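**Student:** Sequential numbering of the sequence shown, starting at 343, is according to the working numbering.
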Amino acid sequence: MPIYEYACKSCEQKFDHLARSMSDSNAKVKCPKCGSTQTARALSVFAVRAHAPKDSAPPSCGRCGGAPGSCQA
Numbered sequence: 343m344p345i346y347e348y349a350c351k352s353c354e355q356k357f358d359h360l361a362r363s364m365s366d367s368n369a370k371v372k373c374p375k376c377g378s379t380q381t382a383r384a385l386s387v388f389a390v391r392a393h394a395p396k397d398s399a400p401p402s403c404g405r406c407g408g409a410p411g412s413c414q415a
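1) Looking at the secondary structure, which residues open and close the beta strand (DSSP E) in which K356 lies?
2) In whole angstroms, what is the alpha-carbon distance linking I345 and T379?
3) Given a threshold of 16 other Cβ atoms within 10 Å of its Cβ, counted over all protein chains shown, does C373 qualify as buried or as exposed?
4) Would A382 pass as a contact of E347 if the rule is Cβ separation under 7 Å?
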């Protein structure tokens, strides 16, 4: 079941909606904040992990609580 992002034209609330099927994605979706059906599917944005520059310190492992790269000293 796909999850689509919507924006309400009445109150400008952005919200996600779990569609039962891909063909259900064009059905009228009510805004959870104001109840309006004046909603439109929004362009969903996803994250992409960028490569770090070679001269940057490696990220912290999260166990020592130190600065990034402090575990490798």
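Backbone N, C-alpha and C define an ideal beta-carbon position, used for all residues, glycine too.
Fair warning: this is a prediction, and the values are worked out from it, not measured in the lab.
**Tutor:** By the coordinates alone:
1) 356-360
2) 18 Å
3) buried
4) no
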